[in-house]
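This report refers to the structure that appears directly beneath it.
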Amino acid sequence: MTGRSTAAIILAAGQGSRMKSKRAKVLHKIAGLEMVRHAVRSVREAGFQQIYVVVGHQADAVRQVLDDDVVSVEQSEQLGTGHAVDQCRAALAGFEGSILVTYGDTPLFRASTFARLMDYHQEVGAAATVLTARVDDPTGYGRIIRDCAGNVKGIVEHKDASASERLINEINTGTYCFDSQLLFKYLTQITPDNAQGEYYLPDVLPLMIKDGHKAAGFVMEDPQESMGVNDRVQLAEAERIMQERIREELMLQGVTIIDPNSTYIELGCSIGQDTVIYPQTVIQAGTIIGEDCVIGPSCRLSNSLIGKGARVEFSVVVDSEVGDFIQINPFSVVKNCKKVEG
């Protein structure tokens, strides 16, 4: 990612009532990592120079999981996405560049998608660029309306769309890039004239377009990445997708996973070539497995180092180190062992 200075704003202030949880929505985990940390991880890997997270519900708990270099900005009242972004005005005072706005409950975005979006935004010199997707069933989503030059001239919500507009299958994913100075200029002009009485971020687009500024649309390759998590069903679906990614990457690197669908692997693990993972195995963050190992069936490994050629079957290994070529006998529980050797 090249060009102007960049910053990312991650909106993570909402409660997420549909989760039916005492925990803030963005603190629910996918592959062992809180959803808000997935968002931070992706924008960081994409190369964004400054990262801001807008917190609100359970603000202190959300702050606790953020890295030290991530700036948290509090939205004391949840008055809409436009209001949330505007809370970063003081923190970004003097910043001149491009700003990505995305969400803390969309854990599936790849870093490459954010990087390509920002590159496109800067290449075309847009005031705003909408990340869009083409889907088979656009029902319920805002439709992207383009002019003859291909620029975005509007976003029409499904309920307001005409019959012809409803045939459009390009939708708004809710993620945007903006010119920083224009973004904060037009945030002062939006109004809460809607049923919820909230300030909506997309409302800056028609104001920009009306004043002659360019709005662009960048079509993402995989619409699945933009999936938001609002309830436990969607949480499970996001977990399934993330697990497929993790397992596929490992298999392409030379790891044999006998039954991928019964194998759970968190982010932050490393598994060496020619290791075989048998079914009903859980491998949690901080685990490093050497080459030529046999793991499983029915094992749980957490924050442990497994030496090359080791065998672990029907056992639990937590916060421990297993030496090279060691066999852990079935039905063992190994915890807090400095090193298991023959």
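In my numbering, the protein residues as written are 29 to 370.
The beta-carbon is built from N, C-alpha and C at its ideal position, and this holds for glycine as well.
Quick caveat: nothing in here was measured; it's all calculated off a predicted structure.
Query                                                                                                              : Result
Proximity below 8 Å, CB of Phe-142 to CB of Ser-254                                                                : no
Residues sharing a beta bridge with Lys-363, DSSP                                                                  : Val-346
Spatial neighbours of Val-359 in its chain, beta-carbon cut-off 7 Å, leaving aside the 5 residues before and after : For clarity, residue 359 is Phe in the given sequence; the question names Val instead. Excluding residues within five positions, the ones whose Cβ falls inside 7 Å are Phe-342 and Ser-343.
Three-state class that DSSP yields for Lys-213 in the structure shown                                              : helix
Nearest-angstrom Cα separation, counted from Val-257 out to Ala-52                                                 : 12 Å
Closest residue to Thr-34 among Leu-120, His-111 and Val-180 (Cα-Cα distance)                                      : Leu-120
Simplified DSSP state of Val-129, which is helix, strand or coil                                                   : strand
Sequence-distant residues of its chain with Cβ nearer than 6 Å to Val-283 (five each side left out)                : Ile-299 and Thr-303
Beta-carbon proximity check, Thr-309 vs Ser-326, cutoff 8 Å                                                        : yes
Residues near Asp-175 by beta carbon distance below 8 Å, same chain, minus five either side                        : Lys-181
Meets three-Cβ-pair contact criterion under 8 Å: the segment 315-322 and the segment 331-341                       : yes
Local conformation of Thr-291 per DSSP, three classes                                                              : strand
The segment 205-214 / the segment 82-90 touching (three or more Cβ pairs under 8 Å)                                : no
Inter-residue spacing [alpha-carbon to alpha-carbon] between Thr-157 and Glu-185                                   : 18 Å
Reduced DSSP secondary structure (H/G/I, E/B, other) of Glu-102                                                    : strand
Rounded C-alpha distance that separates His-149 from Glu-226                                                       : 27 Å
Buried versus exposed, by CB contacts within 10 Å (16 or more), Val-261                                            : exposed
Pair within 8 Å by beta-carbon distance, Val-82 and Arg-91                                                         : no
Option nearest Val-247 by Cα separation, candidates Arg-194, Thr-160, Asn-222 and Ala-266                          : Thr-160
Rounded straight-line distance, which links the Cα of Leu-333 to that of Gln-355                                   : 14 Å
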